[in-house]
Amino acid sequence: MAWHCNGVTNQEMVTKLKETGILATARAEAAMLAVDRARYCHEADPYLDRPRKIGYNVTISAPHMHAYALSILSDQLFDGARALDVGSGSGYLSACMAFMVGPRGRVIGIEHIPELIEVSTRNVREDCPHFLKDGRLKFIVGDGRLGHDADGPYNAIHVGAAAETLPQQLVDQLAPGGRLICPVVAIEGFQRFQDLLQVDKHADGSTTKQKLMQVSYVPLTDPSTQLRN
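For reference, each letter of the sequence shown is one residue, going 0 to 228 in numbering that gives the first Met the number 0.
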């Protein structure tokens with residue numbers, strides 16, 4: 000699906016994502032129209048459908064992956080919902096989530112590189128400053144593998160880096176009816192790859208896991224390992 004949703008403007012990029020069916024809900028579409036990717040991706044041609052480097056061995060995911068994630072989480076990102084974005088990076092997806100949950104909702108973007116917290120906060124301030132002013136969006140420095148229990152439980156959790164195993168702390172912080180999507184490393188024989196997993200928590204606290212697709216994300220790791228790589 001990559002490489003076919005390039006745009007010259009944000010509107011054109013979103014239109015192509017919708018036409019391909021990747022951007023599958025009206026609410027996700029509205030969020031990607033409201034949040035301008037160019038404010039979060041400062042390289043040339045920010046509307047190309049590919050991941051881009053943002054420093055500190057981190058990338059901003061390709062637009063089609065953001066569109067897919069927002070569509071999958073759309074029902075959980077309802078007005079007033081609480082959401083967690085692990086590995087918030089540039090702040091782009093956190094801002095899209097903040098648009099969807101509205102002023103009564105709360106989105107926490109967690110990132111373990113302090114400089115990226117500064118970058119993401121500046122990006123949102125230049126694009127959607129009211130998200131920070133009304134309190135619906137907050138960025139914090141922390142180990143995303145542990146989540147952020149203080150503002151949970153969460154209706155939606157997005158993980159933007161690949162975990163070696165599914166982080167149980169994040170599953171524990173899901174609210175009943177909540178949904179988590181997370182890339183997780185899988186090994187078959189000598190092959191190592193990543194599956195994008197969807198975890199749904201039911202009213203009784205039980206969970207259902209589903210493999211959505213194979214993906215390629217940077218590792219979900221500690222700061223020193225990330226910077227060393």
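Ideal Cβ positions, reconstructed from N, Cα and C, are used throughout, including at glycine.
What residues match up with residue i in a beta bridge as DSSP calls it?
i: residue 54; result: 57
i: residue 161; result: 218
i: residue 83; result: 107, 156
i: residue 187; result: 190
i: residue 199; result: 178, 207
i: residue 130; result: Answer is none; residue 130 lacks a bridge partner.
When you compare only the Cα positions, how much space is there between residue i and residue j?
i: residue 53; j: residue 89; result: 7 Å
i: residue 207; j: residue 160; result: 21 Å
i: residue 178; j: residue 155; result: 5 Å
i: residue 98; j: residue 24; result: 14 Å
i: residue 42; j: residue 58; result: 12 Å
i: residue 169; j: residue 142; result: 11 Å
i: residue 77; j: residue 100; result: 5 Å
i: residue 166; j: residue 181; result: 9 Å
i: residue 49; j: residue 61; result: 4 Å
Going by other Cβ atoms of all chains shown within 10 Å of its Cβ, with 16 needed for buried, is residue i buried or exposed?
i: residue 212; result: exposed
i: residue 75; result: buried
i: residue 186; result: exposed
i: residue 221; result: exposed
i: residue 22; result: buried
i: residue 189; result: exposed
i: residue 15; result: buried
i: residue 104; result: buried
i: residue 27; result: buried
i: residue 13; result: buried
i: residue 38; result: buried
i: residue 92; result: buried
According to DSSP, is residue i helix, strand or coil?
i: residue 143; result: helix
i: residue 95; result: helix
i: residue 6; result: coil
i: residue 14; result: helix
i: residue 174; result: strand
i: residue 212; result: strand
i: residue 34; result: coil
i: residue 116; result: helix
i: residue 47; result: coil
Is the Cβ-Cβ distance between residue i and residue j less than 8 Å?
i: residue 229; j: residue 130; result: Outside the modelled stretch of the chain, which goes from 0 to 228, sits residue 229, for which no answer is possible.
i: residue 116; j: residue 110; result: yes
i: residue 184; j: residue 149; result: no
i: residue 134; j: residue 119; result: no
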